[in-house]
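Novice: Numbering (full-length UniProt numbering), first residue to last: 1 to 145. Beta carbons are placed, not taken as given, at the ideal position from N, Cα and C, and that holds for glycine.
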């Protein structure tokens, strides 16, 4: 029988809020215009985005993204509990292994096969590092068990 360990709900909510905040900061005030320029270069123009706010349901997009981030934070908490991470160092190692095993291969593959520019991929690397290594440390500090 599969045992699904408990994951502390406040840690999951804090973790998902953290991911949402980091993504909003990176794709917004910190690097928003540079990211948009990189996307425009990657796609050839800006047809991938809708300029008319009436055609975008930002509230639905926000809550859908938040639900995805709840899942991401819950899985991170689950792995912290399953590995019985005892220290922030253990949590950081788990996050680093997740980053090296999930984000870096995808970024590398997209660079090689899809010819995505590093100018675009560096934002995915920032989000990936924050939502694995930093998230693991944050959730460990809050307590996942």
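What is the C-beta distance between residue 103 and residue 132, in whole angstroms, given that I count them as a contact (C-beta under 8 Å)?
Specialist: That belief holds up - the Cβ atoms of residue 103 and residue 132 are roughly 7 Å apart, short of 8 Å.
Novice: Alpha carbon to alpha carbon, how far is residue 35 from residue 77? Give it in angstroms, no decimals.
Specialist: Cα-Cα distance, rounded: 30 Å.
Novice: Using the C-alpha atoms, what's the distance from residue 41 back to residue 73?
Specialist: Taking the straight line joining both Cα atoms gives about 32 Å.
Novice: So does the stretch 64–71 actually touch the stretch 7–21, counting three or more Cβ pairs closer than 8 Å?
Specialist: Touching, yes, given that three or more Cβ pairs across the two stretches are closer than 8 Å.
Novice: If we ignore side chains and look at the alpha-carbon of each, how far apart do residue 47 and residue 11 end up?
Specialist: Roughly 38 Å separates the two Cα atoms.
Novice: So for residue 31, helix, strand or coil by DSSP?
Specialist: It is coil, neither helix nor strand.
Novice: Can you tell me the Cα-Cα spacing of residue 31 and residue 25, whole angstroms?
Specialist: Rounded to the nearest angstrom, the two C-alpha atoms are 8 Å apart.
Novice: Can you give me the C-alpha to C-alpha distance between residue 139 and residue 99, rounded to a whole angstrom?
Specialist: Each residue's alpha carbon lies about 16 Å from the other.
Novice: Between which two residues does the alpha helix (DSSP H) containing residue 72 stretch?
Specialist: Counting along the chain, the alpha helix (DSSP H) containing residue 72 begins and ends at 58–82.
Novice: With 16 other CB atoms within 10 Å as the buried threshold, where does residue 86 fall?
Specialist: Exposed, since its Cβ has fewer than 16 Cβ neighbours within 10 Å.
Novice: Can you have a look at residue 101 and say buried or exposed, based on whether 16 or more other CB atoms are within 10 angstroms of its CB?
Specialist: By the 10 Å Cβ count, residue 101 comes out exposed.
Novice: Have a look at 106, 92, 63 and flag the residue whose alpha-carbon is nearest the alpha-carbon of residue 21.
Specialist: Among 106, 92, 63, the Cα nearest to that of residue 21 is on 63.
Novice: Taking the Cβ atom as the reference point for each residue, do residue 137 and residue 71 lie within a distance shorter than 8 Å?
Specialist: No, Cβ-Cβ distance for residue 137 and residue 71 is not below 8 Å.
Novice: Could you tell me the distance, in whole angstroms, from the CA atom of residue 125 to the CA atom of residue 2?
Specialist: In a straight line, the C-alpha of residue 125 is about 33 Å away from that of residue 2.
Novice: Between residue 145 and residue 81, which are expected to be in contact by the criterion C-beta below 8 Å, what is the C-beta distance as a whole number of angstroms?
Specialist: The pair is a contact, with the Cβ atoms about 5 Å apart (cut-off 8 Å).
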